[in-house]
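Contents: one structure, followed by commentary.
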Amino acid sequence: MKKIAVLTSGGDAPGMNAAVRAAVRRAIYKGVQIFGVYNGYNGLISGNIKELTLGSVGDIIHRGGTMLFTARSDEFRTEEGRAKAVEQLKKHGIEGLIVIGGDGSFRGAQKLTQLGFPTIGVPGTIDNDIPCTDFTIGFDTALNTVVECIDKIRDTATSHERTYIVEVMGRDAGDLALWAGLAAGAESIIIPEADTDMKDILERLRSGHRRGKKHSIIIVAEGVGQASQFADVIKAETGWETRVTVLGHIQRGGSPTAFDRMLASRLGAAAVDLLLEGKADRMVGIKNNTIVDVDIDEALDQKHQLDLSIYQLARSLSI
Ligand code: ADP
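According to the UniProt record's numbering, the stretch in the sequence shown is residues 1 to 319, in order.
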């Protein structure tokens, strides 16, 4: 392979830039030309493809978002759209593609490999919902953002003696809510992977109140429902002042943490190495601090497993 390309797709995540940088620098280090595809799969279809140099990825390792921009492409979901994409890649003489994104983007990558175009997936999403990897790029940064926000909410919650219900992103996965809940010392954590026991949540609130606790913070993963629904129940049952905070897209932004920069650098470089070894239809990931690669089809057949022992730990510490 002499020419490869990289794109970012789906929801953006802090650290995507560090992954692009790593892919570009590793390719050039190995004597391979590398192109950036702009606006995800849309740019692949329209041919928005430009060569990247060492300098084009300078000064981005610390920036959130993605310099290649990202998009959701309905056209790429069609056979015609994908045929156009492959045509564009061939027109540029590109022989392999790295897709940085979430599981939707991986399904797109899978379709490209089925068309005979070698593709490697790099997991980039704040949701941490990709199977076969302990972490996805962006999760740690989003986690730190959520914890920082909850710390601030705690200050005002204590001052006003209020109960706060904080809604956290994560799509169908509860990882962000769970890890943030444990790290920020929330009273209760409501996630899709565990049954919601409203009686238990209320009992925990009441017992905290009895021993003079000035505030309570409950974290709700967006995959479970809206924080306001839970706030209504708590207010109706306890009569206490209850406030809702939906953290929203603030969780997607910001400078990536050192952990995410490390992960992105390792995964971006590993993806290039795999392509140059002639591999295709694989995703890279991290398991027990070791970079691994697995079959994308196998990974997409599995469901991401949240570590329920963390949930049990959080429950035992928030008594
Ligand atoms: P994420 O990668 O963050 O999960 P999406 O689910 O929105 O984000 O997927 C990103 C893009 O990947 C979609 O807009 C679409 O272009 C492409 N994609 C997703 N699923 C498929 C599929 N089954 N076949 C082809 N392309 C897909």
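Every residue, glycine too, gets a C-beta built ideally from N, C-alpha and C.
Judged by their CB atoms, Leu112 and Arg82 are nearer to each other than the 8 Å cut-off. In this structure, Ala221 is the residue among Met16, Ala221, Ile34 with its C-alpha nearest to the C-alpha of Thr196.
Spanning the alpha carbons of Thr141 and Ile60 requires a straight line of approximately 16 Å. When secondary structure is reduced to three states using DSSP, Phe230 falls in the helix class. For Arg252, the Cβ stays outside the 7 Å cut-off from all heavy atoms of the ligand ADP.
8 Å or more divides the Cβ of Trp240 from the Cβ of Thr290. If you ignore the 5 residues before and after Thr145, its C-beta comes within less than 6 Å of the C-beta of Gln251, Gly254, all in its own chain and listed in chain order. Here the segment 200-212 does not lie against the segment 125-135, with fewer than 3 beta-carbon pairs under 8 Å apart. Look at the beta carbons and you see the segment 3-14 touching the segment 83-99: at least three pairs across the two are nearer than 8 Å.
Short note on Arg266: C-beta not closer than 7 Å to any heavy atom of the ligand ADP. Annotation: the continuous beta strand (DSSP E) that includes Asp295 extends over 290-295.
Ranked by Cα distance from Ala19, the first of Ala269, Gln33, Ala5, Leu275 is Ala269. In this structure, the CA atom of Gln88 is about 9 Å from the CA atom of Asn48.
The three-state reading of DSSP puts Ile310 in helix, counting H, G and I together. A distance below 6 Å between beta-carbons, with the five flanking residues on each side excluded, links Met67 to the following residues of its chain, in chain order: Asn17, Ile60.
DSSP places Glu51 in the uninterrupted beta strand (DSSP E) bounded by 49-52.
Runs of the alpha helix (DSSP H) spanning 4 or more residues and lying entirely within the segment 172-197 occur at 175-184, in chain order.
The C-beta separation of Lys30 from Leu276 comes to about 6 Å, placing the pair in contact by the 8 Å criterion. Under the three-state reduction of DSSP, Gly101 is assigned to strand. With fewer than 16 other Cβ atoms from the protein chains shown falling within 10 Å of its own Cβ, Gly58 counts as exposed.
Ser216 is bridged by DSSP to Thr163. For Val244, same chain residues with a beta-carbon under 6 Å away, outside a window of 5 residues either side, are Ile165, Ala227, Ser228, Ala231 in chain order. Comparing C-alpha distances from Lys235 to each of Leu263, Arg261, Met198 shows the shortest one belongs to Met198.
Closer than 7 Å to some heavy atom of the ligand ADP: that describes the Cβ of Phe76. By DSSP's assignment, Thr245 forms a beta bridge with Val166.
Taking C-beta atoms as the reference points, Asp151 and Ala186 fail to come closer than 8 Å. Leu7: member of the beta strand (DSSP E) spanning 3-8, first to last residue. As DSSP reads the structure, Phe69 sits in no beta bridge. Taking 8 Å as the upper bound for CB-CB distance, Phe35 and Glu51 are in contact here, some 5 Å apart.
Counting the other CB atoms within 10 Å of its CB gives Ser188 a total of 16 or more, which places it among the buried residues. In this structure, Glu148 is the residue among Glu148, Thr158, Thr156 with its C-alpha nearest to the C-alpha of Leu182. For Lys111, the shortest C-beta to heavy atom distance toward the ligand ADP is below 7 Å.
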